[in-house]
Amino acid sequence: MGQRNRNSLSTTFAILSSLAVFGPMARARAESAAAETPKAEEVPKSIPTTDAPATDAPATPPAPTGDVAAPAAPKCECPPPCPAPPPPPPAPPAPAVEWKAQSKGGMMISTGNAEAKNFTFGVNASRKEGNNKLALEGGLAYGTTNAYVVKSDNISVGREQITSTNNWAAKGRYDRFITENNSAYASALGAGDKIAGKTFFGGGQAGYSRQLLKDQWNIVAAELGYDFSYERYVQPAAQALDPVEIHSARVFVGETLSLTKETGLTASVEALFNLNKETKAIYVKDGSQGVPSFKDTRVNAKLGLSTNLWRSLSFGFSFTLKYDQNPAPRPVPSAAPAGFTFDKNNPDLYYSDKVDTFTEATLIYTFF
Numbered sequence: 200m201g202q203r204n205r206n207s208l209s210t211t212f213a214i215l216s217s218l219a220v221f222g223p224m225a226r227a228r229a230e231s232a233a234a235e236t237p238k239a240e241e242v243p244k245s246i247p248t249t250d251a252p253a254t255d256a257p258a259t260p261p262a263p264t265g266d267v268a269a270p271a272a273p274k275c276e277c278p279p280p281c282p283a284p285p286p287p288p289p290a291p292p293a294p295a296v297e298w299k300a301q302s303k304g305g306m307m308i309s310t311g312n313a314e315a316k317n318f319t320f321g322v323n324a325s326r327k328e329g330n331n332k333l334a335l336e337g338g339l340a341y342g343t344t345n346a347y348v349v350k351s352d353n354i355s356v357g358r359e360q361i362t363s364t365n366n367w368a369a370k371g372r373y374d375r376f377i378t379e380n381n382s383a384y385a386s387a388l389g390a391g392d393k394i395a396g397k398t399f400f401g402g403g404q405a406g407y408s409r410q411l412l413k414d415q416w417n418i419v420a421a422e423l424g425y426d427f428s429y430e431r432y433v434q435p436a437a438q439a440l441d442p443v444e445i446h447s448a449r450v451f452v453g454e455t456l457s458l459t460k461e462t463g464l465t466a467s468v469e470a471l472f473n474l475n476k477e478t479k480a481i482y483v484k485d486g487s488q489g490v491p492s493f494k495d496t497r498v499n500a501k502l503g504l505s506t507n508l509w510r511s512l513s514f515g516f517s518f519t520l521k522y523d524q525n526p527a528p529r530p531v532p533s534a535a536p537a538g539f540t541f542d543k544n545n546p547d548l549y550y551s552d553k554v555d556t557f558t559e560a561t562l563i564y565t566f567f
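Add 199 to the 1-based position in the sequence shown for this note's numbering, that's all there is to it.
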C-alpha cells in the first residue's frame, strides 16, 4: 500500500516536471502561429488625417470571401441616349421680286393746209413679290390744230389755233393674291379731259379678281367690284355746274393673247353701272336735275397690239373707246364770243358726245 502510493507520487511529479519544461515552449509556439494568422473579423480603423476632418460616414462593409457572388451593378434609371434628330429642312427661298417698267411715246405733225400737232406719252411700272403686286401707270395726250376760221366781223378770215386734244390720267393699283387664281384688288385714279367737259374726274375701286384661264397662249381674267367716281366739269359762263359723285357696280373682262413669241394682243372691256341717283347732275334725256340709277352707264373698251422690233424696243398700236350714257355739258370753245352758250333744247349740241375714240401708234421701250 505504501509502495503503491510512492510510485503514484513519482509519476505525478514526472508529469508536472514535463509540463513545467515543455508548457512554455508550446505556449510560445502557439502564440507565434496565432500572430501570423490574420483575423477575418477585424476591420482596420480609418485614421483621420490632419488635412481633412473625420466624418461620420459608415464604415466600408467587409469584402466578400470565398464563393460569395459580387453584388449586381446598380440599374440605370435614365433612358438610353436618343439618336441625333435629323437636321431641319432648309428654309424656303425668299420670293423672287419681279419688276417691270415701260415707257411709250408717239407724235403726229402735219403742215400746209392742215396744220396739226399731236403728242402722246405714257409710262407704267409694276412690282410683284410673293402674293403682293403694285402697279402704277400714267399718260397724257395733247394736240392742237391751226385752221382757217371766219372772224367775228364775218368778213376777214385767218388761222386760229384750237386745242383739239387735252387729257391726262394717273392710276395706282394693289393686288393681294389669295390663291394662284384669286385676288383682291384696290385702286385709285385721277384724270382730266377738258375737251370732254371734265376738268377732273377720279376716285377709287375695290373688288375681287379671278383668273379664268391660263395656258401657253391665253390669259383670261374677270373682275367684280365697286367704283366711286367724282367728276368736276368745265364751267360755262351762264351756269355753274356742281361736282357729281357716282357710286357704281363694276364689271371687267380682259384677255391677253400671245400670237407669237414676239407679238401679243390685249383686249379688255370695263362697265360701270351707277347705283345712286346723281342729284346734282343734269339728265341728258330731258334736261332735268338728277340722273336716276342705272341711267349713267359708262363703258371703257381697249384693244392693243404690240410686237418686238429690236431688243427692248417694240411697236405698239392701240384703239380705245369710251362711252358715257350721260355726258357732261359741252364746253364753250375759247374763240366763241363773250356770253355765248349752247342751246339746251338741242341736246346733241349742248352735251358732249357720248362716244370718244383714241387711236395710237407708239414706240415702246421696256427697261426691265
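Ideal placement from N, C-alpha and C gives every residue a C-beta, glycine not left out.
Three-state class that DSSP yields for residue i in the structure shown
| i | result |
| --- | --- |
| Pro294 | coil |
| Ala395 | helix |
| Tyr407 | strand |
| Asp426 | strand |
| Leu458 | coil |
| Asp555 | strand |
| Tyr549 | helix |
| Lys332 | strand |
| Pro257 | Because the pLDDT at Pro257 is just 47, under 50, the model does not fix this residue reliably, and the point stays unresolved. |
| Ala560 | strand |
| Ala283 | coil |
| Thr565 | strand |
| Ala537 | coil |
| Asn312 | coil |
| Glu379 | coil |
| Ala439 | coil |
| Gln434 | coil |
| Lys543 | coil |
| Gln301 | strand |
Member of the options whose CA lies at the smallest distance from the CA of residue i
| i | options | result |
| --- | --- | --- |
| Asn381 | Asn331, Glu430, Gly338 and Phe518 | Asn331 |
| Tyr549 | Lys370, Pro435 and Tyr373 | Pro435 |
| Phe539 | Asp555, Gln438 and Leu512 | Gln438 |
| Thr319 | Trp367, Ser467 and Arg529 | Trp367 |
| Asn545 | Arg529, Thr310, Glu314 and Ser325 | Arg529 |
| Ala390 | Phe376, Leu411, Val419 and Glu336 | Glu336 |
| Thr364 | Ala315, Gly329 and Arg372 | Ala315 |
| Val348 | Thr378, Arg375, Gly321 and Ala313 | Ala313 |
| Thr556 | Glu328, Ile394 and Lys460 | Ile394 |
| Asn323 | Ala290, Gln415, Lys460 and Gly371 | Gly371 |
| Thr459 | Leu423, Leu440, Ser511 and Asn417 | Asn417 |
| Thr362 | Asn317, Val419 and Asp414 | Asn317 |
| Ser325 | Ala560, Ser511, Ser309 and Val296 | Val296 |
Cβ-Cβ distance between residue i and residue j below 8 Å
| i | j | result |
| --- | --- | --- |
| Tyr384 | Gly406 | yes |
| Gly401 | Ser386 | no |
| Phe566 | Ala334 | no |
| Ser302 | Tyr564 | yes |
| Gly486 | Lys543 | yes |
| Thr478 | Gln524 | no |
| Phe493 | Phe472 | yes |
| Phe143 | Leu508 | Outside the displayed span of the chain (200 to 567) sits residue 143, for which this structure offers no information. |
| Tyr341 | Lys397 | no |
| Gly338 | Leu562 | no |
| Lys553 | Pro526 | yes |
| Lys501 | Gly489 | no |
| Ala569 | Arg358 | Lying before the first or after the last residue shown, residue 569 is absent from the chain, which here runs from 200 to 567. |
| Pro294 | Gly321 | no |
| Gln360 | Thr343 | yes |
Cβ distance (whole Å) where residue i is taken to contact residue j below 8 Å
| i | j | result |
| --- | --- | --- |
| Thr506 | Thr462 | 4 Å |
| Val623 | Tyr522 | For the chain, the structure presents residues 200 to 567; residue 623 sits outside this window and is missing. |
| Tyr425 | Arg449 | 6 Å |
| Leu456 | Leu464 | 4 Å |
| Glu454 | Ala470 | 16 Å between Cβ atoms; not a contact. |
| Val443 | Ala480 | 5 Å |
Beta carbon proximity, residue i to chain D, threshold 8 Å
| i | result |
| --- | --- |
| Gln410 | Among the chains in the structure shown there is no chain D, since it carries only a single protein chain. |
- Message: At 3 residues or longer, what runs of the beta strand (DSSP E) sit wholly inside the stretch 503 to 535?
- Response: Within the stretch 503 to 535, the complete beta strand (DSSP E) runs of at least 3 residues are 512 to 523.
- Contiguous beta strand (DSSP E) assignments of at least 3 residues, all confined to the stretch 334 to 374: If we require 3 residues or more, the stretch 334 to 374 turns out to have no beta strand (DSSP E) run fully inside it.
- Message: Runs of 3 residues minimum, wholly inside the stretch 448 to 498: which ones carry the beta strand (DSSP E) assignment?
- Response: Counting whole runs of 3 or more residues, the stretch 448 to 498 contains the beta strand (DSSP E) stretches 462 to 473, 477 to 481 and 488 to 490.
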